[in-house]
Amino acid sequence: MANYFDGRDDAHAAIYQMADTDPAQFWMLLKSVRTARLSELQLVFLAAGPFEEFLRRHGRSYAGPIVRAAEADESLRFLLQALGCPGPREELGAQMARLYRNRQSQGPTSRPGGA
Numbered sequence: 001m002a003n004y005f006d007g008r009d010d011a012h013a014a015i016y017q018m019a020d021t022d023p024a025q026f027w028m029l030l031k032s033v034r035t036a037r038l039s040e041l042q043l044v045f046l047a048a049g050p051f052e053e054f055l056r057r058h059g060r061s062y063a064g065p066i067v068r069a070a071e072a073d074e075s076l077r078f079l080l081q082a083l084g085c086p087g088p089r090e091e092l093g094a095q096m097a098r099l100y101r102n103r104q105s106q107g108p109t110s111r112p113g114g115a
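In this text, residue positions in the sequence shown follow full-length UniProt numbering: the first is 1, and each later residue adds one.
Here it is in structure tokens:
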């Protein structure tokens, strides 16, 4: 992934290809990126490129996992907000809003150990 941000053309091509033709593998890559503590600029580059392509092609299939992950992950929420493709973003945004409303209506969640 570091090569993608270093501007290596082969890394760019491989990640775009993965986003287009291998959504399961790209989703696994996104899971690892989410824990990599990328800068906002790096997240914008990822959002305005391969992540946008992934959502355009496969967003409907991955809407549920994306919403669940975005609920707990600030980096993924940032990726979604940074997107320039309104269709999938609006659809995901509506699903996220429903999810948050449902969670709020359930009240506070209890945690193990009484915390």
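No residue lacks a Cβ here, since even glycine has one placed at the ideal position from N, Cα and C.
Whole-number beta carbon distance between residue j and residue i, since they are thought to touch under 8 Å
| i | j | result |
| --- | --- | --- |
| Ser75 | Arg34 | 5 Å |
| Ala70 | Leu80 | 6 Å |
| Leu29 | Met18 | 7 Å |
Beta-carbon proximity list for residue i, same chain, < 8 Å, skipping 5 on both sides
| i | result |
| --- | --- |
| Tyr16 | Gly49, Pro50, Glu53 |
| Pro23 | Phe54, Arg57, His58, Ser61, Tyr62 |
| Glu40 | Phe78 |
| Pro65 | Trp27 |
Closest by C-alpha distance to residue i, when choosing among the options
| i | options | result |
| --- | --- | --- |
| Phe78 | Leu38, His12, Asp20 | Leu38 |
| Phe26 | Leu41, Glu40, Ala47 | Ala47 |
| Ala82 | Ala63, Leu43, Pro65 | Leu43 |
Residue range of the unbroken alpha helix (DSSP H) whose run includes residue i
| i | result |
| --- | --- |
| Arg37 | Neither: Arg37 is in no alpha helix (DSSP H) and is coded neither H nor E. |
Backbone secondary structure at residue i - three-state DSSP
| i | result |
| --- | --- |
| Leu76 | helix |
| Leu29 | helix |
| Asp22 | coil |
| Leu46 | helix |
| Leu83 | coil |
Beta-carbon contacts of residue i that lie in its chain and below 6 Å, excluding the five residues immediately before and after
| i | result |
| --- | --- |
| Ser105 | none |
Residues near residue i by beta carbon distance below 7 Å, same chain, minus five either side
| i | result |
| --- | --- |
| Asp20 | Glu53, Arg57 |
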